[in-house]
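Undergrad: Quick note: the sequence shown, position 329, residue 348 per my numbering, numbers continuous.
To start, I am sharing the structure in question, which I have written as structure tokens.
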Amino acid sequence: MIRTRFAPSPTGLPESIHLGFVIRALWNYALAKKNGGQFVLRIEDTDQKRSRKDTEEAIYISLKQFGINWDEGPDVGGPYGPYRQSERLEKYQQAAKLLVEKDYAYYDFDAAVREKEEIKESYESKEFTDQLKIRPAARSVSSAESQKRLEAGEPYVIRAKIPEDKVFEFTDWILKKKIRVLGKEVSDLILLKSDGFPTYHLAVVVDDIAMQISHVLRGQEWISSTPVHLFIYEGLGYPVPEIGHFTVILDPATGKKFSKRDMEGKFGIKHWLDRGYLPEAILNYLMLLGWAPKDDRELFTLDEFVQTFDQAGLQKSNPIFDEKKLNWFNGQYIRQTPHDQLLQLIKPKLEYETTDDKLTDIIPLVKERVSTLADMVDMMRFFFIAPELQAVNQEHVQAARQVLGKATWEKTDIETALLDEVKAHDWKTGDFFMSLRLAIAGSKVTPPLTESMLILGQSETLARLSAHAQNETQT
Ligand code: GLU
């Protein structure tokens with residue numbers, strides 16, 4: 020039975036939920052669903068000071084927005100709950116004690132002073148500092164001595180007792196390579212803090228065992244602590260599941276990992292959703308950021324991705340975030356979206372009064388030409404608000420005003436009248452229509468011009484041409 024999990028820590032601001040989150044949830048989800056297994060959502064809130072309820076809430080909302088639903092989790096329950104780590108403290112404390120009994124861990128009564136710094140260091144820096152590799156003196160304290168200090172009520176942490184001569188080895192399920200680390204390179208990480216809370220290392224193993232997780236797929240930042248996790252599995256007497264680490268999405272601007280600040284900016288989910296990117300398009304783009312199908316197929320719904328996703332397609336090199344490609348996907352999805360749905364999506368973004376009927380006429384004209392909803396709103400603006408005066412060819416707009424003033428307001432009549440005028444003056448068709456686009460819509464890129472004029476109406480079209488005919492500026 021395949022069981023996967025997504026185990027976010029709700030520590031940043033709600034806005035800091037980023038695209039990397041979605042990829043991790045998505046691939047775990049796909050692996051479970053493809054194999055008829057379960058996908059678990061676990062909230063890792065053992066850092067009580069930094070954990071936030073609103074961020075936990077935002078995690079639920081974000082996943083649902085992308086259609087990624089979980090079978091078990093804090094809100095829906097399940098057979099292996101609770102699914103919030105702060106509600107499982109006893110289990111970690113029991114496991115830590117068991118590890119001490121089996122000589123896989125030891126009490127350290129001197130650690131409390133630098134505990135915070137040390138934990139921070141072990142989470143944030145990839146290579147543990149040399150200082151951390153030095154075995155703490157507490158390692159050789161006798162158990163009788165420890166017992167005495169315990170009974171005296173002294174505060175303590177519990178550390179992993181890593182054998183220096185041990186060889187830790189595992190094959191990464193995503194990176195598909197064997198990783199080998201010597202015990203002397205692995206520090207005696209803190210497993211249980213002096214406040215009785217576990218560190219990530221202990222909690223993750225205890226929970227993945229208890230929740231019967233078959234595949235632990237997680238961020239690359241955890242790769243260097245995997246040996247300690249292997250050691251805990253051994254100490255608790257359980258087989259190690261498959262473990263894999265996601266590639267890192269690179270910022271094209273720096274060629275490096277996105278910075279913390281970018282997580283709330285251009286790498287944040289909110290940034291893209293607020294700018295009118297469709298969740299389906301973002302999701303489809305993310306599917307291919309580090310995974311590739313056997314053929315060149317690019318468009319996948321979530322269900323199609325679930326059916327196609329496989330380990331073989333996982334890429335080993337770090338993908339680079341490509342906004343242009345995301346735009347391409349978004350354009351594709353805008354074109355696939357039914358008109359009435361697009362109407363509902365853009366209505367709240369409009370800064371002018373209009374009617375559904377008018378929008379229904381306009382949407383088909385613009386949706387083929389944009390890659391975002393924001394572009395769509397921009398491109399539609401001239402239907403409601405006259406553009407600022409542009410520098411245009413006076414002769415072109417004057418001629419157009421004259422013939423259009425006499426035209427019946429009907430497609431073929433408008434087109435014939437304008438083309439006759441182009442021919443009569445021997446103008447270049449492209450130049451002539453460019454002048455009209457600028458005068459009527461204020462831009463060189465517009466929906467089809469005749470259809471746009473039909474929607475604008477004859478008097479408004481003539482008014483815009485007149486305004487430009489009186490404009491002194493010549494090109
Ligand atoms: N809470 C960890 C994180 O947010 C989870 C890592 C894991 O998936 O094991 O990175």
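Ideal Cβ positions, reconstructed from N, Cα and C, are used throughout, including at glycine.
Small disclaimer: the values here were computed from a predicted structure and weren't measured.
By the three-class DSSP mapping on this structure, what secondary structure does Pro217 have?
TA: Here Pro217 sits in strand by DSSP.
Undergrad: Give me, in chain order, the residues of the same chain whose beta-carbon lies closer than 8 Å to that of Val186; leave out the 5 immediate sequence neighbours on both sides.
TA: Arg199, Val200, Leu201, Gly202
Undergrad: Would you check if the distance between the CB atom of Thr300 and the CB atom of Tyr252 is smaller than 8 Å?
TA: For the sequence presented, residue 300 should be read as Ala rather than Thr. No, Cβ-Cβ distance for Ala300 and Tyr252 is not below 8 Å.
Undergrad: What does DSSP give as the partner residues of Gln57 in its beta bridges?
TA: Arg22
Undergrad: List the residues that DSSP assigns as beta-bridge partners of Trp310.
TA: Leu333
Undergrad: Rounded to a whole number of angstroms, what is the C-alpha to C-alpha distance between Thr494 and Asn346?
TA: Confidence at Thr494 is low in this model, with a pLDDT of 46, below 50, so its placement is unreliable and the value that follows should be read with caution. Going by the C-alpha atoms only, they are around 34 Å apart.
Undergrad: Quick check on the DSSP output: the beta strand (DSSP E) that includes Ala272 runs from which residue to which?
TA: Note, Ala272: premise wrong, no beta strand (DSSP E); not H, not E.
Undergrad: Hey, would you say the C-beta of Pro241 is under 7 Å away from at least one heavy atom of ligand 1?
TA: Note that residue 241 corresponds to Trp in the displayed sequence, not to Pro. Checking every heavy atom of ligand 1 against the Cβ of Trp241, one is found closer than 7 Å.
Undergrad: Comparing the CB of Arg237 with every heavy atom of ligand 1, is any distance shorter than 7 Å?
TA: yes
Undergrad: Between the C-alpha atoms of Thr227 and Gln355, what's the straight-line distance to the nearest angstrom?
TA: Note that residue 227 is Asp in the sequence shown here, rather than Thr. Taking the straight line joining both Cα atoms gives about 40 Å.
Undergrad: Please confirm whether any heavy atom of ligand 1 lies closer than 7 Å to the CB of Pro33.
TA: no
Undergrad: With a 10 Å radius around its C-beta and 16 neighbouring C-beta atoms as the bar for buried, classify Thr218 as buried or exposed.
TA: buried
Undergrad: Which residues does DSSP list as the beta-bridge partners of Glu261?
TA: His234
Undergrad: Using only the alpha-carbon positions, how far apart do Arg483 and Asn349 sit?
TA: 33 Å
Undergrad: Determine which residues share a DSSP beta bridge with Arg103 and list them.
TA: Ile62
Undergrad: Would you decide whether Ser35 is buried or exposed? Buried here means 16 or more other CB atoms lie within 10 Å of its CB.
TA: buried
Undergrad: State the CB to CB distance for the pair Thr327 and Pro338, rounded to an integer number of angstroms; the pair is presumed to be in contact (CB under 8 Å).
TA: 18 Å between Cβ atoms; not a contact.
Undergrad: Report, in whole angstroms, the separation of the C-beta atoms of Gly295 and Ala393, which I expect to be a contact under 8 Å.
TA: 5 Å
Undergrad: Taking the DSSP output, what are the residues bridged to Leu124?
TA: The sequence shown places Ala at residue 124, rather than the Leu named in the question. DSSP output for Ala124 lists Ala179 as bridge partner(s).
Undergrad: Rounded to whole angstroms, what is the Cα-Cα separation between Phe319 and Tyr304?
TA: Each residue's CA atom was taken as its position, placing Phe319 and Tyr304 some 9 Å apart.
Undergrad: Cα-Cα, which of Leu455, Ser485, Met453, Phe25 is closest to Ile232?
TA: Put simply, of Leu455, Ser485, Met453, Phe25 the residue whose alpha carbon is nearest the alpha carbon of Ile232 is Phe25.
Undergrad: Here's the rule: buried if 16 or more other CB atoms are within 10 angstroms of the residue's CB, otherwise exposed. What is Asp329?
TA: A residue is called buried when at least 16 other Cβ atoms come within 10 angstroms of its Cβ; Asp329 does not meet this threshold and is exposed.
Undergrad: Is Glu429 helix, strand or coil when you go by DSSP?
TA: coil
Undergrad: Would you check if there are 3 or more beta carbon pairs closer than 8 Å linking the segment 67–78 to the segment 263–279?
TA: no
Undergrad: Which of the three DSSP states is assigned to Arg483 in this structure?
TA: Arg483 sits in a helix when the DSSP states are folded into three classes.
Undergrad: Any heavy atom of ligand 1 within a distance shorter than 7 Å of the CB on Glu137?
TA: no
Undergrad: So, for Leu221: in the same chain, excluding its five sequence neighbours on each side, which residues have a beta-carbon less than 7 Å away from its beta-carbon?
TA: Tyr111, Ala114, Ala115, Leu210, Leu211, Ile251
Undergrad: Indicate whether Ser454 and Val416 have their beta-carbon atoms separated by less than 8 Å.
TA: yes
Undergrad: List in chain order: all unbroken alpha helix (DSSP H) runs of 4+ residues lying wholly within the segment 384–450.
TA: Qualifying alpha helix (DSSP H) stretches, in chain order: 392–399, 413–425, 430–444.
Undergrad: Distance check for Trp291 and Trp241, CA to CA, integer angstroms please.
TA: Answer to the nearest angstrom: the Cα atoms are 27 Å apart.
Undergrad: Leu194 by DSSP, collapsed to three states: which one?
TA: coil
Undergrad: Using only the heavy atoms of ligand 1, determine whether one of them is closer than 7 Å to the beta carbon of Ser70.
TA: no
Undergrad: Does the segment 117–129 touch the segment 155–162, meaning 3 or more C-beta pairs lie closer than 8 Å?
TA: yes
Undergrad: Applying the criterion that 16 or more other CB atoms from any shown protein chain within 10 Å of the CB defines a buried residue, is Ala44 buried or exposed?
TA: buried
Undergrad: Apply the 10 Å Cβ neighbour rule to Thr74 and answer buried if 16 or more other Cβ atoms are within range, or exposed otherwise.
TA: buried
Undergrad: The beta strand (DSSP E) with Leu210 in it runs from where to where?
TA: 209–211
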